[in-house]
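Under full-length UniProt numbering, the first residue of the sequence shown is numbered 1, with each subsequent residue one higher. Report on one structure; see the data block that follows.
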Amino acid sequence: MPFTPSEIKNKEFTKVKNGLEPAEVSDYLTQLSNEIERLKEEKKQLEKVVEERDTNIKSYQQVHQSVSDALVQAQQAGEETKLAATKEAEATISKAQAQADLIVNDAIEKARHLSFQTEDMKRQSKIFRSRFRMLVEAQLDLLKNDDWDYLLNYDIDAEQVTQENFQHLNNQDITPEEQQQAQTQQSANNANNSESTSNNANSQSVTGSTNNNAVNTNESNSLKSSEEPNQTKSNK
């Protein structure tokens, strides 16, 4: 059972014969009461200090928790930022690589196209040169043909010959049958003259066709010879 300092101080004892000295007992109780009072006051102060320390500890714990949470959040934010930066860098690198590949492929394709155009222009130039040479040679061969001399020297007037024949026949005594035969012969001569002229024209046409066939044959050979190196290049 706890005692208060006032209870100890005011405690009364039963007086008996040959008992203790009352003054000494009273003085001792007073001292004991004062000591207990002091201890109680000291206890209060200590409890106050402990309470303040507990409060400070709780405050420190809260600060520590806040700092820890802030550090965790900062670490998470740093990781997220690092991951986002890494992904963005990878995406940028991939995009730049794709654009670079596209530019390189486009340049290669343009160079290949220009090369094909150059080769085609060379081939067409060779074909044109071959055609032009063969055309000139064909024209020279046509000029050297003997048919030109024949045509230039052929100056007989068929109409004049026919008139002379009729005049000769008129100077003779002929029967109507003979006159009819002469007219038939005249028609036949005219037909022969027309056929001769047609044959000469056909001869010139055949000569030109032969020259054209020679041109086409030489052109085909030139095309084959120009394509063979290209095929060899493509095979390589």
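C-beta atoms are modelled at their ideal positions from N, C-alpha and C, and glycine is treated no differently.
Do you know how far the Cα of Asp-120 is from the Cα of Asn-218? Reading the sequence shown from its first residue, position 218 is the one you call residue 218. Reading the sequence shown from its first residue, position 120 is the one you call residue 120. Model confidence at Asn-218 stands at a pLDDT of 49, short of 50, so the residue's coordinates are unreliable; what they give is reported in the following sentence. Looking at the two C-alpha atoms, the distance is approximately 19 Å.
Under the rule that 16 or more other beta-carbon atoms within 10 Å means buried, what is Ser-33, buried or exposed? As a position in the sequence shown, residue 33 is number 33, starting the count at 1. Here Ser-33 is buried. Its C-beta has 16 or more other C-beta atoms within 10 Å.
When the Cα atoms are used, what is the spatial distance from Phe-74 to Ser-68? The residue you call residue 74 lines up with position 74 of the sequence shown. The residue you call residue 68 lines up with position 68 of the sequence shown. First, the residue type needs correcting, since residue 74 is Ala and not Phe in the sequence shown. Straight-line Cα distance between these residues: approximately 10 Å.
For the alpha helix (DSSP H) that contains Asn-34, what are its first and last residues? By one-based count along the sequence shown, residue 34 stands at place 34. Under the DSSP assignment, Asn-34 falls in the alpha helix (DSSP H) whose first and last residues are 22-144.
Near Ile-57, which residues of its chain fall below 6 Å by C-beta distance, leaving aside the five closest residues on each side in sequence? In the sequence shown, the residue the question calls residue 57 occupies position 57. Excluding residues within five positions, none has a Cβ falling inside 6 Å.
Gln-139 versus Lys-122: straight-line alpha-carbon distance, rounded: Sequence index remark: in the sequence shown, residue 139 carries index 139 (1-based). Sequence index remark: in the sequence shown, residue 122 carries index 122 (1-based). Going from the Cα of Gln-139 to the Cα of Lys-122 covers about 26 Å.
Could you tell me the distance, in whole angstroms, from the CA atom of Lys-144 to the CA atom of Val-136? Taking the first residue of the sequence shown as 1, we reach residue 144 at position 144. Taking the first residue of the sequence shown as 1, we reach residue 136 at position 136. For Lys-144 and Val-136, the distance between alpha carbons rounds to 12 Å.
What does a CB cutoff of less than 7 Å around Glu-41 pick up in its chain, not counting 5 residues either side in sequence? As a first step, residue 41 is located in the sequence shown; it is residue number 41 there, counting from the start. Cβ neighbours of Glu-41 beyond the five flanking positions: none.
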